[in-house]
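Participant:
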Amino acid sequence: MSKEQIGNNKKKKKKKRLLFRSIVLAVLLVALVYALVSNLSQEDTNVDVGDQAPDFELKQVNKNNELETVKLSDLKGKGVMLNFWATYCPPCEAEMPYMEKLYPEYKEKGVEIVAVSLDSTELVINRFIEKYNLTFPTPHDKSGQVMEQYGVGPIPSTFFINPEGEIVEVVSGALTLEKLEGYLKQIQPE
Amino acid sequence: MNKIKCDCGHVNPEGTVLCEACGKPIEENQHIDGNDKRKLLNMRYDGSARRSQTYNKSIVDKIWSFFSSVKVGVWLIVIALLASAIGTIFPQEMYIPANAVSRDPAVYYEATYGVFGQIYYQLGFHNLYSSWWYMILIALIGISLVICSIDRFVPLYKALKKQKAKRHESFLNRQRLYSETENVTDEEKDKIADALKKLRYNVRNEDGHILAEKGRFSRWGPYVNHIGLIIVLIAAILRMTPFMYLDDYVWVREGQRTVIPSTDGKYYIENKEFILETYDENDERFQKAIEKEGMVAKNFQTNAIIYKETAPSVAGSEPELKKIAEEQIKMNHPLKFDGYTLYQAGYQLNEFKSMTFKVHETDDPDEKALGTFTIDLTSPESEYQLDNGFRVVVDQYYPDYSLENGEPRSESKYPKNPAFVFFVYPPKSDQAEVSFVGIGRNIDATGENQYKLGVEDFKLRDVSGLTVRKDYTLPFFIVGAIIFMLGVIQGMYWQHRRIWIHPKGNGLLVAAHTNKNWYGVKKDIEKVISDTNVKMVVDQQELDE
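Protein sequence lines, in the order shown, are assigned to chains A and B.
Residues in the first sequence are numbered consecutively from 1, following the UniProt record's numbering.
Residues in the second sequence are numbered consecutively from 1, following the UniProt record's numbering.
#1: By the criterion of Cβ-Cβ separation under 7 Å, what are the contact partners of A:D141 in chain B?
#2: Mind the definition here: the stretch 70–86 of chain A touches the stretch 156–167 of chain A only if three or more C-beta pairs lie below 8 Å; say whether that holds.
#3: Quick one: give me the first and last residue of the alpha helix (DSSP H) that B:S84 is part of.
#4: Mind pulling the chain A residues with CB within less than 8 Å of B:S410?
#5: Which residue wins for smallest C-alpha separation from B:E381, given the options A:I187, A:L123, A:E190, A:Y34?
#6: Could one say the Cβ of B:K413 lies closer than 8 Å to chain A's Cβ atoms, at least one of them?
#7: Quick check on DSSP: helix, strand or coil for B:A311?
#8: B:I119: buried (16+ other C-beta within 10 angstroms of its C-beta) or exposed?
#9: Of all the CB atoms in chain B, is at least one closer than 8 Å to the CB of A:P154?
#10: Do B:K522 and B:T181 have their C-beta atoms closer together than 8 Å?
#11: Grab the span of the alpha helix (DSSP H) containing B:T258 for me, first residue to last.
#12: Within the same chain, show all residues whose beta-carbon is closer than 6 Å to that of A:D44, passing over the 5 residues directly before and after it, in chain order.
#13: Which residues, in order along the stretch 55–74 of chain A, keep a beta-carbon less than 9 Å from a beta-carbon of chain B?
#14: Give me whichever residues DSSP pairs with A:K59 in a beta bridge.
#15: Return helix, strand or coil for B:M1, following the three-state DSSP convention.
#16: Does B:Y397 come within less than 8 Å of chain A when only Cβ atoms are used?
#17: Please state whether DSSP places B:N225 in a helix, a strand or coil.
#18: Where do the ends of the alpha helix (DSSP H) carrying B:R441 lie?
#19: How would you list, in chain order, the residues of chain A whose beta-carbon sits under 7 Å from the beta-carbon of B:P261?
#20: Would you say the stretch 448–457 of chain B touches the stretch 411–428 of chain B, given that touching needs at least three Cβ pairs under 8 Å?
#21: For B:M536, which residues in chain A fall below 8 Å Cβ to Cβ?
#22: How many angstroms separate the CA atom of B:D387 from the CA atom of B:N449?
#23: Taking three-plus beta-carbon pairs below 8 Å as touching, is the stretch 288–306 of chain B in contact with the stretch 229–242 of chain B?
#24: What is the residue span of the alpha helix (DSSP H) that B:D195 lies within?
#25: With a threshold of 16 other CB atoms inside 10 Å of the CB of B:G385, please say whether the residue is buried or exposed.
#26: Rounded to the nearest angstrom, how far is the Cβ of B:Y201 from that of B:V537, given a contact under 8 Å?
#27: At the 8 Å Cβ level, is A:D44 part of the contact set with chain B, yes or no?
#28: How close, in whole Å, do the beta carbons of B:P426 and B:Y401 come, if the pair is a contact with beta carbons under 8 Å?
#29: Tell me, please, whether the CB atom of B:V60 is closer than 8 Å to any CB atom in chain A?
#30: Ordered along the chain, which non-local residues of its own chain (more than five positions away) have a Cβ less than 6 Å from that of B:G339?
#31: By Cβ distance below 6 Å, which residues in the same chain neighbour B:P105 in space, the five residues on each side in sequence not counted?
#32: In terms of DSSP beta bridges, what is B:W500 paired with?
#33: Along chain A, in chain order, which residues have C-beta atoms closer than 9 Å to that of B:D104?
#34: Between B:M1 and chain A, is there a C-beta pair that is closer than 8 Å?
#35: If you check the beta carbons only, do B:G73 and B:S149 fall under 8 Å apart?
#36: Can you tell me whether DSSP reads B:F286 as helix, strand or coil?
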């Protein structure tokens with residue numbers, strides 16, 4: 001082997017090594033990025049801030065309200081406070097009077113309060129509504145389909161949806177009057 | 001890159017500690033394995049050039065050499081261990097109790113655990129195990145594992161392949177087992193070679209220099225093992241994608257149809273019947289257990305029907321369904337459909353389904369029914385008209401009655417302990433009597449009621465708990481674990497033994513190395529030299545003080 005040949009050999013080997021290392025590192029990097037992305041997007045299967053609120057249609061059971069069914073897509077153009085609640089849940093009960101207090105004012109301003117009940121019977125919902133004189137629509141999610149669709153865990157859970165149908169805030173746990181009003185202002189149409 | 005030419009004529013790559021062919025220590029590289037401070041040679045990786053320790057020029061090489069360091073790998077593992085431990089100090093976000101004042105983690109941690117809780121939350125430990133940095137840490141461990149393995153396996157493989165039987169004297173006398181014998185006959189030399197062959201050594205003879213080797217295969221054990229680990233890591237990554245893996249749980253009541261969670265609302269399950277069978281209490285085989293436990297379950301079973309949505313529908317509206325499976329789900333007999341598996345996982349017995357009440361006169365000792373009515377607890381009506389003219393209004397219904405601070409309320413929506421407040425209107429009267437009736441409760445609020453309500457009959461139903469699972473990653477875990485175990489066995493139960501015999505003048509030098517079980521290789525040498533006057537090797541191990 002001449003010196004030149006040895007030099008060429010060396011260069012070839014070096015190139016080969018660099019290529020090999022680059023490929024291995026690239027494969028590992030791809031795996032890492034894949035793991036991260038797939039893990040972060042996993043949370044997106046539940047509905048989150050910034051997402052379009054999934055549509056649903058439920059029977060409305062509050063006799064004080066004129067709607068027979070509530071279909072979310074029909075409320076486009078209005079801000080929607082989508083509250084998930086049940087009669088047996090004390091923190092849900094606590095925030096109901098606040099919602100009722102602000103409802104007439106914000107209905108005028110183009111915000112609809114939709115309180116999806118997760119109870120199993122209409123009777124208990126009706127008695128609860130009579131007790132608190134609620135006037136906003138309370139759709140009844142008897143089979144839990146909408147709850148499953150929105151990935152609702154513990155209740156109360158509230159989604160604030162802007163007039164474009166995009167979720168701008170998700171609140172888990174009870175709301176105070178001030179906080180509630182602040183969120184309603186956020187989704188009020190201009 | 002400078003190649004190093006050894007005295008024996010072999011050209012070694014840069015960074016070689018012991019010549020690949022003859023084993024002679026390469027003077028300027030002895031610091032790499034710490035041989036310069038010791039008498040014995042460090043035989044790890046056979047003194048081959050782990051190139052990354054000597055060669056890094058481009059950015060790729062720099063990254064490579066960073067990950068090829070075992071020190072870095074160990075530190076990554078230590079950091080991951082510490083982080084994992086810290087993640088267990090306070091509950092993770094998903095375990096914040098449902099009855100917490102606020103489940104907002106921004107509030108909860110500070111409110112419950114004070115300043116430390118707040119720091120914990122702000123540093124992101126409340127959601128540690130799926131946080132991006134924790135995952136990167138685990139991924140870096142994986143990367144380190146891969147690169148460390150490649151970077152050691154390749155040179156070691158080459159060194160063991162290129163090694164010559166003829167070794168440099170200084171290589172032999174710096175081995176742990178070594179002896180020198182002045183006069184040895186050719187006959188004795190042949191005897192030794194034969195004896196080695198008999199012990200199933202692979203014997204190579206180059207001009208009287210003998211290398212007897214056994215179990216080199218064992219050296220690949222750790223790398224096989226690492227391949228298994230990497231496959232397990234890949235499986236763990238795949239497990240994060242909902243497409244490959246999901247795990248959920250559904251409660252479904254007898255007679256009820258409900259959507260199966262985590263299926264995008266595409267599948268529904270109907271519970272036809274839940275069956276709990278127990279062993280006969282007179283069964284002799286289980287006498288002891290029955291005496292101790294009361295009842296021994298024999299079978300948990302859900303007779304279920306699976307429906308699939310035929311056309312996409314808006315959630316909440318009545319879906320169009322097609323029956324796709326009907327089966328008995330039992331322990332170890334799950335129901336499989338379209339990649340999903342449903343396992344019998346839990347049950348609740350005796351939820352109330354319907355209750356029948358009768359109205360009788362309060363002072364009637366026979367409690368003769370004046371009229372009866374049945375309430376379907378899944379959809380109670382607000383008023384019941386009885387045949388004999390009585391009218392009963394359901395004022396309040398508590399499916400799961402409990403008394404909280406003197407206030408009656410329901411704990412849940414499930415009729416586990418139903419109770420009612422009834423307004424009873426006798427025929428042709430609009431004066432109502434108020435009665436409170438529940439399971440084992442019958443309270444007359446005024447004490448002046450003329451009529452009393454009693455539970456005449458009730459129907460019960462059971463609830464099945466089913467695990468919903470989809471898992472395409474299990475085969476990867478199994479393959480990974482098997483390869484891991486094969487690697488462990490390979491590295492544990494075989495030893496790589498090498499014995500060198502080096503003629504010197506009239507005599508010879510004997511040296512030996514093994515990666516474990518020095519006692520075994522000594523025994524081998526004893527046997528081999530037993531009929532000769534070759535001196536037994538001496539253990540030159542230097543113990544650290």
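For each residue, glycine too, the CB sits at the ideal point set by N, CA and C.
Facilitator: The relevant details are as follows:
#1: Position 141 of the first sequence, counted from the start, is the residue given in the question as residue 141 of chain A. Residues of chain B passing the Cβ test: G316.
#2: By the Cβ criterion, the stretch 70–86 of chain A is in contact with the stretch 156–167 of chain A, since at least three pairs of Cβ atoms, one from each stretch, lie closer than 8 Å.
#3: Along the second sequence, read from residue 1 onward, the residue named residue 84 of chain B stands at position 84. Counting along the chain, the alpha helix (DSSP H) containing B:S84 begins and ends at 70–86.
#4: On the second sequence, residue 410 of chain B is found 410 positions in, with the first residue counted as 1. T87, Y88, V124, listed in chain order.
#5: Walking along the second sequence from the start, residue 381 of chain B turns up at place 381. Among A:I187, A:L123, A:E190, A:Y34, the Cα nearest to that of B:E381 is on A:L123.
#6: Translated into positions along the second sequence, residue 413 of chain B becomes position 413. So, interface residue.
#7: Here residue 311 of chain B refers to the residue found at position 311 when the second sequence is read from its first residue. It is coil, neither helix nor strand.
#8: Here residue 119 of chain B is taken as the residue at index 119 of the second sequence, counted from 1. Label assigned to B:I119: exposed.
#9: The residue given as residue 154 of chain A occupies position 154 in the first sequence. Output row for A:P154: interface = yes.
#10: On the second sequence, residue 522 of chain B is found 522 positions in, with the first residue counted as 1. On the second sequence, residue 181 of chain B is found 181 positions in, with the first residue counted as 1. Cβ distance not < 8 Å, so B:K522 and B:T181 don't count as in contact.
#11: Within the second sequence, the letter at position 258 stands for residue 258 of chain B. Per DSSP, B:T258 is not a residue of any alpha helix (DSSP H); the beta strand (DSSP E) it occupies stretches across 257–259.
#12: Residue mapping note: residue 44 of chain A aligns to position 44 of the first sequence, counting from 1. Its pLDDT being 46, under 50, A:D44 is placed unreliably by the model, and nothing is read from it.
#13: Hits within the stretch, in order: D55, F56, E57, L58, K59, T69, V70, K71, L72, S73.
#14: In the first sequence, counting from the first residue as 1, residue 59 of chain A sits at position 59. Bridge partners of A:K59: A:T69.
#15: Here the question's residue 1 of chain B lines up with position 1 in the second sequence. Its pLDDT being 49, under 50, B:M1 is placed unreliably in this model, and the coordinates cannot settle the point.
#16: Locating residue 397 of chain B in the second sequence gives position 397, counting from the first residue. For B:Y397, the answer is yes, since a Cβ of chain A falls inside 8 Å of its Cβ.
#17: Residue mapping note: residue 225 of chain B aligns to position 225 of the second sequence, counting from 1. Helix.
#18: Numbered from its first residue, the second sequence carries residue 441 of chain B at position 441. Counting along the chain, B:R441 falls outside any alpha helix (DSSP H), though it belongs to the beta strand (DSSP E) covering 441–444.
#19: Residue 261 of chain B sits at position 261 when you count from the first residue of the second sequence. Within chain A, the residues near B:P261 are E148.
#20: The stretch 448–457 of chain B vs the stretch 411–428 of chain B: in contact.
#21: The residue labelled residue 536 of chain B in the question sits at position 536 within the second sequence. Going along chain A, no residue has its Cβ under 8 Å from B:M536, so there is no contact; the nearest lies around 45 Å.
#22: Locating residue 387 of chain B in the second sequence gives position 387, counting from the first residue. Locating residue 449 of chain B in the second sequence gives position 449, counting from the first residue. Approximately 20 Å, taken between the alpha carbons.
#23: No, they do not touch.
#24: In the second sequence, the residue the question calls residue 195 of chain B occupies position 195. According to the sequence displayed, residue 195 of chain B carries Ala and not Asp. The continuous alpha helix (DSSP H) containing B:A195 extends over residues 186–198.
#25: Locating residue 385 of chain B in the second sequence gives position 385, where the first residue counts as 1. A quick correction: the sequence has Gln, not Gly, at residue 385 of chain B. So B:Q385 counts as exposed.
#26: Reading the second sequence from its first residue, position 201 is the one you call residue 201 of chain B. Reading the second sequence from its first residue, position 537 is the one you call residue 537 of chain B. Not confirmed; about 15 Å, so no contact.
#27: The sequence position of residue 44 of chain A within the first sequence is 44, counting from 1. Low confidence applies here, because A:D44 scores a pLDDT of 46, under 50, leaving its location unreliable and the question unanswered by this model.
#28: Taking the second sequence and counting its residues from 1, the one referred to as residue 426 of chain B is at position 426. Taking the second sequence and counting its residues from 1, the one referred to as residue 401 of chain B is at position 401. 26 Å between Cβ atoms; not a contact.
#29: Residue 60 of chain B sits at position 60 when you count from the first residue of the second sequence. Answer yes: the Cβ-Cβ gap between B:V60 and chain A drops below 8 Å somewhere.
#30: Position 339 of the second sequence, counting from 1, holds the residue named residue 339 of chain B. Taking B:G339 as the centre and dropping the five residues before and after it, the same chain places the C-beta of K470 closer than 6 Å to its C-beta, in chain order.
#31: The residue labelled residue 105 of chain B in the question sits at position 105 within the second sequence. Result list for B:P105: E93, Y121, H126, in chain order.
#32: In the second sequence, the residue the question calls residue 500 of chain B occupies position 500. Bridge partners of B:W500: B:L211, B:A511.
#33: Translated into the one-based positions of the second sequence, residue 104 of chain B becomes position 104. At a C-beta separation below 9 Å, B:D104 has these neighbours in chain A: V171, S172, G173.
#34: Counting from 1 along the second sequence, the entry for residue 1 of chain B is found at position 1. For B:M1, the pLDDT reaches just 49, beneath the cut-off of 50, and the residue's location in the model is therefore unreliable, although a value from the coordinates is still provided. B:M1 belongs to the set of residues whose beta carbon lies under 8 Å from a beta carbon in chain A.
#35: On the second sequence, residue 73 of chain B is found 73 positions in, with the first residue counted as 1. On the second sequence, residue 149 of chain B is found 149 positions in, with the first residue counted as 1. Against a cut-off of 8 Å, the Cβ pair of B:S149 and B:G73 comes out as no contact.
#36: By 1-based counting over the second sequence, the position of residue 286 of chain B is 286. Looking at B:F286 - three-state DSSP - the assignment turns out to be helix.
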